[in-house]
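Undergrad: Numbering (the numbering used here), first residue to last: 15 to 312. Even for Gly, the Cβ is constructed at its ideal location relative to N, Cα and C. Just dropping this structure here.
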Amino acid sequence: MSEVIGYSDLKIGKLRRGKVRDVYDLGEELLIFHTDRVSAFDVVLPTLIPHKGEYLQKLTVFWFERSKSVFPNHFISIVDNRTIRVRKAKRIDIEWIVRKYLYGSLWREYSQGKRELYGIKLPSGLRKAEELPEPILTPTTKVEKGHDEPITKHEAIELRLVDKDTWDALEEASLKLFEFYEEEAKKRGLIIPDFKLEFGFIGDELIQIDEPPTHDSARIWSLKYYKVGESQEQHCLDKEFLRECLRRMGFHGSGVAPELPKEVVKEVEKRCIGAYKVMAGEMKIEDLNLLSVDDIFK
Ligand SMILES: Nc1ncnc2c1ncn2[C@@H]1O[C@H](COP(=O)(O)OP(=O)(O)OP(=O)(O)O)[C@@H](O)[C@H]1O
Ligand SMILES: [Mg+2]
């Protein structure tokens, strides 16, 4: 039985605690410690999720080792089951979000009648969770405090977050990585409808940093249970299940975050473990016996 850890204390380098990971700055390298913290609506919840950190790291390493032939990334090596060594980069303050399905904030805007989103015209008549003809890039700013805002290429260049060549290179990298992730996920009966990436510079070299698609940074659906027109919360291996539970509990991101009931903790834990095990081919999604939000809040 592994210990549940909310906060690490490695007594090395300079510590910066993110919402989920503790990052130790060692100069040219970082140590990233994966805790069992979980966040939703940009708030860290008071409840820890057993095994979350360990499986978040496993999935992170799984992707970084495989995708480095598509685009270079910061991963160097595993220190222990919660800690990895990575190359420190100068982060570009943009979140590169790629979407292939109409869901989340994109669906919210579309369902309110918007047809031109992020400079892309979408056809009428699309349903919730419907697959888009092409993957689209919907980047946002990355800010230390507060919520991230959509940003266009023009604005990003104007704000000097990147120059034109860097933007073009990262747009291409995000789409190439999307193709790679999509192909790999399909082999395991999974869909990655959208995800968020970060990039940075080491000297003149552009590399992928932060994390690849995981329970926390992407949506992960099952091909077997996918139904267009519907919410995909029950069979998802991502954070949307937790967000929906919190909404049912009346928490939408402001005020004091509530403790999670143990049934919710168990279901979130299953999804964190499952995101790795199903992606790595170690188990099938049906063997997770996932409950729906309705099963819990009867
Ligand atoms: N190789 C790297 N070089 C520099 N910074 C990195 C690198 N990899 C990750 N980071 C940064 O380390 C932090 C990881 O922490 P985490 O994502 O858990 O926290 P967070 O609260 O989500 O913070 P943020 O909102 O900044 O992402 C992020 O700020 C991320 O941008
Ligand atoms: Mg982050």
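What are the boundary residues of the beta strand (DSSP E) that includes G214?
TA: Note, G214: beta strand (DSSP E), D208 to I216.
Undergrad: Note down the Cα distance separating A183 from D218, rounded to an integer number of angstroms.
TA: Cα-Cα distance, rounded: 13 Å.
Undergrad: When DSSP labels each residue in this structure, what does D39 get in the three-state scheme?
TA: Reduced to three states, the DSSP call for D39 is strand.
Undergrad: Please list the segments of the alpha helix (DSSP H) lying wholly inside the stretch 122-174, counting only runs of 4 or more residues, in order along the chain.
TA: The qualifying runs are 167-172.
Undergrad: Assuming K210 contacts W110 (C-beta within less than 8 Å), just tell me the rounded distance between them.
TA: 7 Å between Cβ atoms; contact.
Undergrad: For I90, report the span of its beta strand (DSSP E) as first-last.
TA: Here the beta strand (DSSP E) through I90 covers F89 to D94.
Undergrad: Taking buried to mean at least 16 other C-beta atoms within 10 Å of its own C-beta, is L220 buried or exposed?
TA: Buried, because 16 or more other Cβ atoms sit within 10 Å of the Cβ of L220.
Undergrad: Comparing alpha-carbon positions, which option in F213, K72 and H249 lies nearest D107?
TA: Checking every option, the nearest Cα to that of D107 belongs to F213.
Undergrad: Roughly how many angstroms separate the alpha carbons of S83 and M263, rounded to a whole number?
TA: Computed Cα separation, rounded: 44 Å.
Undergrad: Quick one: which unbroken alpha helix (DSSP H) runs of 4-plus residues sit fully inside the stretch 214-281? Chain order, please.
TA: Those alpha helix (DSSP H) runs which fall completely within the stretch 214-281 and span 4+ residues are 254-262.
Undergrad: Quick check on the burial criterion: 16 or more other C-beta atoms within 10 angstroms. Buried or exposed for Y38?
TA: With 16 or more other Cβ atoms within 10 Å, it is buried.
Undergrad: Hey, out of Y117, G288, A294 and S245, whose CA is closest to F76's CA?
TA: Of the candidates Y117, G288, A294 and S245, the one whose C-alpha sits nearest the C-alpha of F76 is A294.
Undergrad: Would you call the stretch 44-52 in contact with the stretch 154-169, where contact means no fewer than 3 C-beta pairs closer than 8 Å?
TA: No, the stretch 44-52 is not in contact with the stretch 154-169.
Undergrad: So for I111, helix, strand or coil by DSSP?
TA: Strand, per DSSP.
Undergrad: Tell me which same chain residues have a C-beta within less than 7 Å of the C-beta of L116, skipping the five on either side of it?
TA: Answer for L116: Y124, L140, K142, A143, E144 and L146, listed in chain order.
Undergrad: Please classify D301 as buried or exposed, where buried requires at least 16 neighbouring CB atoms within 10 angstroms.
TA: The residue is exposed, with fewer than 16 neighbouring Cβ atoms inside 10 Å.
Undergrad: Drop a sphere of 10 angstroms on the beta-carbon of E42, count the other beta-carbons inside from all chains shown, and report buried for 16 or more, exposed for fewer.
TA: When all chains shown are included, E42 counts as exposed.
Undergrad: Give every residue of the same chain whose Cβ lies closer than 7 Å to the Cβ of D177, excluding the five residues on either side of it in the sequence, and list them in chain order.
TA: Result list for D177: I171, in chain order.
Undergrad: Could you compute how far the alpha carbon of S91 sits from the alpha carbon of R129?
TA: If I take the Cα positions, the gap works out to 44 Å.
Undergrad: Tell me which same chain residues have a C-beta within less than 8 Å of the C-beta of K313, skipping the five on either side of it?
TA: No answer is possible for residue 313: the residues shown for the chain start at 15 and end at 312.
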